[in-house]
Amino acid sequence: MLDPIRMQESVDRFLAEDVGLFDLTSNWLIPEDARGRFEFRAREAFVLAGVEPALAALRRYAPDGEIEVKARDGQRMARGDVICAIKGRARGILTAERTALNLMQHMSGIATLTRRYVDAIAGTKAVLVDTRKTTPGLRMFEKHATTVGGARNHRLRLDGGILVKDNHIAVFGSLSAAIARAKAVVPLLTKVEVECDTLDQVREATDAGADILLLDNMKPPVLREALAVVAGRCLTEASGGVNLDTIRPIAETGVDFISVGRITQGAAAVDIGLDVEFEPVARG
């Protein structure tokens with residue numbers, strides 16, 4: 010998910026947004042030759058994500074910094090654990106601090122919440138998947154974080170697959186005709202998924218040859234009826250209104266996938282701090 014070129018381009022934009030022309034505080038208060046050793050430390054328990062983007066921010070402003078990576082994405086952190094340390098010019102490290110922290114805190118929050126959902130359906134056949142309900146400009150980072158937490162990615166972008174939804178059907182005019190049209194034009198390995206709100210749509214979409222059905226806002230009893238109609242002829246995805254209280258009963262119906270927008274939309278940032286291990290060698 011974290012293509013290094015696109016990641017660096019994004020991180021540079023984030024830094025430009027935060028820094029502006031230059032860091033007034035650090036440039037005026039911190040001597041250019043002041044050096045220090047700083048540690049990124051967990052201040053609560055969480056699942057770590059975002060180490061590489063954070064390091065990309067630090068390297069941009071402290072290119073000669075000596076970095077020690079103590080933990081990697083996907084690792085469970087306890088309060089007090091050191092994620093990474095950097096020794097170098099204090100001015101540059103302090104300039105990049107907030108961007109680095111923002112990325113790790115936000116991505117780790119998503120990974121941590123995702124892991125809670127994954128744990129909630131452990132032992133069932135259901136696989137948790139994310140959605141396109143991501144923060145504009147942060148999709149690559151947020152979808153990486155969901156995989157770190159144990160989910161699988163759904164479409165990364167609109168060009169990643171066909172998902173025929175209710176508005177598409179309303180405009181096109183026919184569910185079956187829409188499926189036929191889609192399957193006639195997509196590349197051979199591209200799946201065609203269809204959103205179904207009713208059991209009648211489930212029957213029509215299955216008979217028309219859909220590869221995956223998105224069973225939207227169906228309660229577990231209705232999901233079981235839908236799966237009986239499908240009878241293994243295609244994959245199924247439950248979606249809509251899923252939370253930590255409802256996901257287990259949904260998973261126990263036997264659906265193949267459960268998509269949850271909350272893992273990217275509702276995750277709170279975790280608490281990570283940047284601490285100075287010892288005083289800079291020069292003062293001003």
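Numbering of the sequence shown is given in my numbering, commencing with residue 10 and proceeding in unit increments. Every residue gets a Cβ at the ideal spot worked out from N, C-alpha and C, and that includes glycine. The model shown is predicted, which means the values in this text are computed figures rather than measured ones.
Is there a Cβ of chain B sitting closer than 8 Å to that of P72, yes or no? Absence of chain B from the displayed structure is noted, only one protein chain being present.
How many whole angstroms separate the CB atoms of C205 and D225, which I take to be in contact at a CB cut-off of 8 Å? 7 Å
State yes or no: is the C-beta of L223 within less than 8 Å of the C-beta of T215? Going by C-beta atoms, L223 is not nearer than 8 Å to T215.
Going by CA-CA distance only, name the one from A94, A120 and V180 that's closest to I272. A120
Can you tell me whether T245 is buried or exposed? The criterion is at least 16 other CB atoms within 10 Å of its CB, across all chains shown. buried
Proximity below 8 Å, CB of I259 to CB of L232: yes
Top-ranked residue by Cα proximity to D168, from K152, P196 and A94: P196
Can you give me the C-alpha to C-alpha distance between T156 and A131, rounded to a whole angstrom? 16 Å
Quick one: any contact between the segment 122-130 and the segment 93-105, if contact means 3 or more CB pairs under 8 Å? no
Nearest-angstrom Cα separation, counted from G275 out to A51: 21 Å
Could you pull the DSSP bridge partners for G97 from this structure? G45
Exposure of S183, with buried meaning 16 or more beta-carbon neighbours within 10 Å: exposed
Backbone CA spacing between R212 and A129 [nearest angstrom]: 30 Å
Using DSSP with H/G/I as helix, E/B as strand and the rest coil, what is L222? strand
Going by Cα to Cα distance, which pick from S35, L110 and K174 is closest to F23? L110
Could you spell out the range, first to last residue, of the alpha helix (DSSP H) harbouring A191? L184 to V194
Since V264 contacts A247 with CB under 8 Å, what's their CB separation in whole angstroms? That belief holds up - the Cβ atoms of V264 and A247 are roughly 5 Å apart, short of 8 Å.
What is the C-beta distance between V285 and F47, in whole angstroms, given that I count them as a contact (C-beta under 8 Å)? 6 Å
Restricting to runs no shorter than 3 residues, where is the beta strand (DSSP E) found entirely within the segment 114-178? 136-138 and 171-173
Buried or exposed: where does E202 fall if 16 or more other Cβ atoms within 10 Å of its Cβ makes it buried? buried
Taking 6 Å as the limit between beta carbons, can you name the residues of its chain near R292, skipping five residues before and five after? With a pLDDT of only 48 at R292, under the threshold of 50, the placement of this residue in the model should not be trusted; the figure read from the coordinates follows. Result list for R292: empty, nothing under 6 Å.
Are V173 and A191 close, meaning C-beta to C-beta below 8 Å? Their beta carbons are under 8 Å apart, which means V173 touches A191 by this criterion.
Out of P62, A66 and P72, point me to the one whose CA is closest to D12's CA. P62
Can you give the beta carbon distance from L112 to G59, rounded, assuming they're within the 8 Å contact cut? 5 Å
For L9, count neighbouring C-beta atoms within 10 Å of its own C-beta (all shown protein chains included) and say buried if the count is 16 or more, exposed if not. The requested residue 9 does not occur in the structure, where the chain is confined to residues 10 to 293.
State the beta-bridge partners of C243 as determined by DSSP. None, per the DSSP bridge assignment.
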